[in-house]
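Oh and the sequence shown: position 20 is 65 in this note's numbering, straight run, nothing missing.
As structure tokens, the structure follows; a few thoughts come after it.
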Amino acid sequence: MLNLNHRTHQTGITLLESLVAMLVLSTGIGALAWTQARHLSDGRDTAARSMALLLTEDLADRMLFNRNAAASGSYQLAWGERPASADCRSAPCLGSALARADLSAWRDALAQALPGSDAHVFAVGGSGRQMGIAISWRSTGASALAPATSLDCPVQSNCHVTYVPF
């Protein structure tokens, strides 16, 4: 005969256990999504820093090719300055005309490679034998890196500075 007064205990999952499991799962998925977003942001910053490095090397090579104009200050450029282009295709340019053509072409390449970027080319010290090239670009992260020099990097921007001896 069956005993009907004997209660059986539930052996399945309860509603409370289900809610706790969903909370733990959603917290883990949220953490993974945040990590993925952070990696994407860091990847964009790394790509921008690599492009800034390539562009500073490009201008450094141009200045080394035209050493006399670089030593005389023809390659100096202030933040926000847009140099007028010189026509060096129809006739060869020398000295400061070549420097203007180099700066104009370089600024165009900079604007195309790093939208919203700016540059500053300056003489270092009093000898005239070393130039600094600073490139700034908008930071995609919450914290922009401050430059390692006394150079004023624009607000909410990352900066890369290279020094070129010649």
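C-beta: ideal position from N, C-alpha, C; glycine also.
Residue i classed as buried or exposed, judged by whether at least 16 other C-beta atoms fall within 10 angstroms
i: T91; result: exposed
i: T59; result: exposed
i: A82; result: exposed
i: L99; result: exposed
i: V69; result: exposed
i: A136; result: exposed
CB contact flag (residue i, residue j, <7 Å)
i: A131; j: R145; result: yes
i: M67; j: V209; result: no
i: L127; j: F211; result: It is Arg, not Leu, that sits at residue 127 in the sequence shown. No, these two residues do not count as a Cβ contact at 7 Å.
i: V206; j: A168; result: no
i: L122; j: L148; result: yes
i: A115; j: M176; result: yes
i: M96; j: A158; result: yes
Close beta carbons around residue i, own chain, < 6 Å, minus the five adjacent residues each side
i: P160; result: none
i: S119; result: S141, A144
Residue span of the beta strand (DSSP E) that contains residue i, given as start and end
i: D163; result: 163-168
i: A114; result: First-last for A114: 112-116, but that is the alpha helix (DSSP H), not the beta strand (DSSP E).
i: Q175; result: 175-183
i: V209; result: 202-210
Beta-carbon contacts of residue i that lie in its chain and below 7 Å, excluding the five residues immediately before and after
i: D163; result: W124, G125, S181, P199
i: T101; result: I178, I180, H205, T207
Residue i (DSSP reduced to helix, strand or coil)
i: I74; result: helix
i: S188; result: Its pLDDT being 46, under 50, S188 is placed unreliably in this model, and the value from its coordinates should be taken loosely. Correct three-state label for S188: coil.
i: T59; result: coil
i: D197; result: coil
Residue interval of the alpha helix (DSSP H) (run including residue i)
i: W124; result: Careful: W124 lies outside any alpha helix (DSSP H) and carries neither H nor E.
i: Q157; result: 140-158
Close beta carbons around residue i, own chain, < 8 Å, minus the five adjacent residues each side
i: C133; result: A142, L143, A146
i: R174; result: A116, P210, F211
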